[in-house]
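Listed in order, the protein sequences are those of chains V and B.
Counting from 1, position 25 in the first sequence corresponds to residue 13 in the working numbering; the numbering is continuous, with no gaps.
Counting from 1, position 437 in the second sequence corresponds to residue 1501 in the working numbering; the numbering is continuous, with no gaps.
Glycine residues also receive a C-beta, built at the ideal position from the N, C-alpha and C atoms.
Everything numeric in this text was worked out from a predicted model, so none of it was measured.
Working notes, structure below.
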Amino acid sequence: MSEKLGKIADGLLHGKIDEVGELTQELINDGMDPEEILQKGLFAGMDVVGKKFRDCEMFIPEVLRSAKAMHAAMEKLRPVLSEESSSKAGTVIMVTVQGDLHDIGKNLAGMMMEGSGFNVIDMGIDRKTEDIVEMVKKEKPQILGLSALLTTTMPKMGEVINALKEAGIRDQVKVIVGGAPVTDDFAQEIGADAYAPNASIGTEKALELVKG
Amino acid sequence: MPKINQTIQTTPKFRVLSENQIEMIYSAALDVIQRTGARFHHDEALELFKNREAVVSDGNLVRVPISLVEKAIKCHPRKINLTGRTEKYKIKLEKDVVNFGTGSDLPFTYDRETGERRRTNYNDVVNAARIVDFLPNLDFFMSHGIVQDVPNPQVYDRHQFMAMLKGCTKPMVLTSVDGDGLKDLWKMASLFRGGEKEYRLEPMFVTYIEPISPLKNDKTAVEKLLFSAEKGIPCMYTPCPSSGATAPATMAGMLVQSLSETMMASVLTYLKNPGMPLIMGGVTTVLDMITTSYSYGAPELSLASAANTDISKWLGLPMFSTGGCTDAKVLDEQAAIESATSNFYAYLSGASLVHDVGYIDSGVNASLESLVMNDEIIGMIRQMGKGINTEDEYLALELIDKIGPGGEYLTHEHTLQHYKEWFQPRLQDRSDYETWVREGKKTMNDRIKEETERILKEHQPEPIDDNIQKELQQIIDAAEKRHSK
């Protein structure tokens, strides 16, 4: 069985989506502890992916294919994982604020976070502040990722944070903001918990925030 | 005796695509519009499409038959003339006439005192305007930075235009917040011409609008398109796809998609009011697959833009291309390399407006010094574009015979007359080593800094007439009032 764990890690590295999904299912059927599959198979593989990406040995398209493979495995694994394990990385809500229809950065960050084991809920683009607050209330995510590309829509991110405060749920969720005109200073000004200049740093920050 | 069967090439010739390749891309774009369609987040636009042969499905997905697309694309003028706020600067947007200018709306400006980047303010835009007003090789002005020290970001565009007008008398390309913003900018510009009809004869600016790739058109973009169509305002609809992320990773695929986006706008404006002056565009670049940045220094940007220019010329539309920009964070060797190569390629391609000169930091940071450096680069490039004159006076057969073996040309009248046709650098150093040491071992960067400070200290553009200034301010005040409600 441990041979299959190695194959899972290797499959993740090479972006073999179907194979990783199938192997995960086989190990579940074989009766292996889901926690072990997660740690020694999936996370072990994604750690190597992360390292190779940092060393410029893997590029974004390859990393995203690995993330897709991770996603395929998690779909099989999540139903059998204990509540504690399946939410270990946590849930993330990703959304582009009202008035803004740009979403490539948000989507990219969402995919990378999925690759790191997060359960990602994508609310899409141009979403009203009250809708975002409602979704946070409903899904109780650990992380809320807000995106804006325009200087004219950027202030909406502050509006969302204020609305979370007014709804009394600001301390229940960590807010990460990103987008071309956004800066660390701006993130602090509006009271966000972190600023993500790009998708991979966003994922790192999300992991740090969840660890606490 | 004069010869027969002669071809004289007065300038270098350059193209990326053959006519057959252009036809392939155009044909594929027609298929995209008919088969895939584009989304329009705007009710009036959807009505305009529904009332004609187009099919609207899934709420806002519009597909248009080829016959209508081809009718629309033929209705735009082949040429557009622009005049600045005074009569001094006029430019023509037509095939193979290349005008260079800045880009717009950068959230940050490189602070020359601290060496750090900071939020762009009103005064930064006035300064950029003054520098562009002065530099001889920059022909049009976009704001460079986005004005952020205004009470309400929803009316930043009016303040920004005022800052631009204060500092610069050259023709402009303007961004706006929405349809209402564009209307105010158009009203402001019309003040300099005395009326709406007069303004049509002599427009001052092109309005910059962009779709959201792939194949999405947001409400404000459509508002601006429809207003431009109504008033005949020259307008560019310029896709900004990042190849590999919001467009295919192949250059040809990105060109097909971009052209579809542009032609969709052509159809919409045709349905509103045929004949709007349309400029093709496209900042067609790659998403860097390590950093995920939208690259302003990638060779693919220049390659795809030049190909796009070939397509625009075939369609008979002016082209908005890109050059003089960089991913480098400061004005360093990388900035110089990327600025020079992109400017050169865009120039050879014959694009009508080459913008984003002076962009650093992948399109988020504005450098005033980069404008000064690029002015020198463009001067060199224009010289290389002049080609070789082969008339008798230039072949100089008589002269060579007269001077003879072992003679000299320095003191001859022919030299005195023709050396003035050469490019004379203003900033590049060609001195000998000893002189360079004696004059303080200045680098190009030192000289660019000094020249930037000198222009800012000395150059003042022609002021705006007091009465017009008042009326401009009234339009801005009224907009502030409307938005404060």
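Query raised in the report: What number of angstroms, rounded off, separates the C-alpha of B:A1371 from the C-alpha of B:Y1409?
Result: Rounded to the nearest whole angstrom, the CA to CA distance from B:A1371 to B:Y1409 is 10 Å.
Requested in this report: Determine which residues of the region 164 to 193 of chain V have a Cβ less than 7 Å from any Cβ of chain B, and write them out in chain order.
Outcome: Taking 7 Å as the Cβ-Cβ cut-off against chain B, the residues of the region 164 to 193 of chain V that qualify are A168, P169, N186 and A187.
Query - Distance between V:G87 and B:M1327 (C-alpha atoms, nearest Å) - result: Approximately 25 Å, taken between the alpha carbons.
Query raised in the report: How would you list, in chain order, the residues of chain V whose beta-carbon sits under 9 Å from the beta-carbon of B:Q1218?
Result: Using a Cβ-Cβ cut-off of 9 Å, B:Q1218 is close to T140 of chain V, given in chain order.
**Report entry** Whole-angstrom C-beta distance between B:P1171 and B:V1428, which should lie under 8 Å
**Finding:** Contact check for B:V1428 and B:P1171: beta-carbon distance about 6 Å, within the 8 Å limit, so the pair qualifies.
Report task. Go to B:T1386, then tell me how far its alpha helix (DSSP H) extends in each direction, as first and last residue. Result -> For B:T1386, there is no enclosing alpha helix (DSSP H); the enclosing beta strand (DSSP E) covers residues F1384 to T1386.
Query - Opening and closing residue of the beta strand (DSSP E) in which B:I1155 lies - result: Counting along the chain, the beta strand (DSSP E) containing B:I1155 begins and ends at K1154 to L1157.
Query raised in the report: Roughly how many angstroms separate the alpha carbons of B:E1522 and B:D1496, rounded to a whole number?
Result: Straight-line Cα distance between these residues: approximately 30 Å.
Query - Partners in chain B for V:P49, counting only beta-carbon separations shorter than 9 Å - result: Within 9 Å Cβ-Cβ: G1308, A1313 and M1353.
Report task. Measure the CB-CB distance between B:T1271 and B:M1300 and report whether it falls below 9 Å. Result -> A contact, by the Cβ cut-off of 9 Å.
**Report entry** Neighbour flag for B:G1167 against chain V, beta carbons, 9 Å
**Finding:** It does not; no Cβ of chain V falls within 9 Å.
Requested in this report: Go ahead and label B:L1265 buried or exposed: buried means 16 or more other beta carbons lie within 10 angstroms of its beta carbon, across all protein chains shown.
Outcome: Of the residues assessed, B:L1265 falls on the exposed side of the cut-off, its CB having fewer than 16 other CB atoms within 10 angstroms.
Query - Spatially closest choice to V:L11 from V:G167, V:L1 and V:L(-7), by CA coordinates - result: Closest in alpha carbon position to V:L11, among V:G167, V:L1 and V:L(-7), is V:L(-7).
Query raised in the report: What residues from chain B crowd round V:H2, counting only those whose CB sits closer than 9 Å?
Result: Result: empty, since nearest Cβ-Cβ is about 17 Å, beyond 9 Å.
Query - Closest by C-alpha distance to B:T1516, when choosing among B:A1193, B:R1099 and B:S1548 - result: Per the Cα distances, B:A1193.
Query raised in the report: Straight-line CA distance for B:Q1073 to B:L1459?
Result: Cα to Cα, B:Q1073 sits roughly 15 Å from B:L1459.
Report task. Compute the beta-carbon to beta-carbon distance between V:D110 and V:M145, rounded to the nearest angstrom, for a pair I have assumed lies under 8 Å. Result -> Wrong, their Cβ atoms sit about 17 Å apart, outside the cutoff.
Report task. Give the straight-line distance between the Cα atoms of B:A1400 and B:G1243, rounded to the nearest whole angstrom. Result -> A straight line joining the alpha-carbon of B:A1400 with that of B:G1243 spans about 38 Å.
Query raised in the report: For V:L134 and chain B, any beta-carbon pair shorter than 9 Å?
Result: Taking Cβ atoms only, chain B never reaches closer than 9 Å to V:L134, which makes this a no.
Query raised in the report: Under a three-way DSSP split, which group does B:A1392 fall into?
Result: Judged by DSSP in its simplified three-state form, B:A1392 adopts coil rather than helix or strand.
Report task. Would you list the residues sitting across from B:N1281 in a DSSP beta bridge? Result -> Beta-bridge pairing links B:N1281 to B:F1104.
Query raised in the report: Is B:S1277 near B:Q1321, with beta carbons less than 9 Å apart?
Result: For B:S1277 and B:Q1321, yes; Cβs fall inside 9 Å.
Query raised in the report: Residue range of the alpha helix (DSSP H) that B:V1551 falls in?
Result: It is not possible to answer for residue 1551 of chain B, since the shown part of chain B is limited to 1065 through 1549.
Query raised in the report: Going along chain V in order, which residues have a C-beta closer than 7 Å to the C-beta of B:I1273?
Result: Neighbours of B:I1273 on chain V: none; closest Cβ ~14 Å, over 7 Å.
Report task. Please check if any C-beta of chain V sits within less than 9 Å of the C-beta of B:G1361. Result -> Not a single CB atom of chain V sits nearer than 9 Å to the CB of B:G1361.
Query raised in the report: For V:K39, which of V:G112, V:V80, V:G78 and V:E192 has the nearest alpha-carbon?
Result: Taking each of V:G112, V:V80, V:G78 and V:E192 in turn and checking the Cα distance to V:K39, the smallest one comes out for V:E192.
Query raised in the report: Are the beta-carbon atoms belonging to B:T1355 and B:S1307 less than 9 Å from one another?
Result: B:T1355 places its beta carbon 9 Å or farther from that of B:S1307.
Query raised in the report: Mind pulling the alpha helix (DSSP H) runs of 4 or more residues that sit fully within the region 1242 to 1299 of chain B?
Result: Runs found: 1243 to 1254, 1260 to 1265 and 1283 to 1295.
Report task. Write down every uninterrupted run of the beta strand (DSSP E) in the region 16 to 93 of chain V whose length is 3 residues or greater and which is fully enclosed by it, in chain order. Result -> The region 16 to 93 of chain V is shown to contain whole beta strand (DSSP E) runs of 3 or more residues at 79 to 84, in chain order.
**Report entry** DSSP state of B:I1137 mapped onto helix, strand, coil
**Finding:** DSSP places B:I1137 in helix when its eight states are reduced to three.
Query raised in the report: Tell me, which residues are paired with B:R1182 by DSSP?
Result: Note: B:R1182 sits in a beta bridge opposite B:T1173.
Query raised in the report: Got a sec: is the Cβ-Cβ distance from V:D159 to anything in chain B below 9 Å?
Result: Not closer than 9 Å to any Cβ of chain B, the Cβ of V:D159 fails to qualify, so no.
Query raised in the report: For the candidate residues B:P1305, B:F1113, B:G1345 and B:K1067, whose alpha-carbon lies nearest to that of B:S1376?
Result: Answer by Cα proximity: B:G1345.
Query - Cβ pair V:R53, V:I92 closer than 9 Å - result: It is not a contact, given that the beta carbons lie outside the stated cut-off.
Query - B:E1325 versus B:A1093 - alpha carbon distance - result: The C-alpha of B:A1093 is placed about 9 Å away from the C-alpha of B:E1325.
Requested in this report: Taking B:T1356 as the query, report the chain V residues whose CB atoms sit under 7 Å from its CB, ordered along the chain.
Outcome: Residues of chain V passing the Cβ test: I48, L96, N186 and A187.
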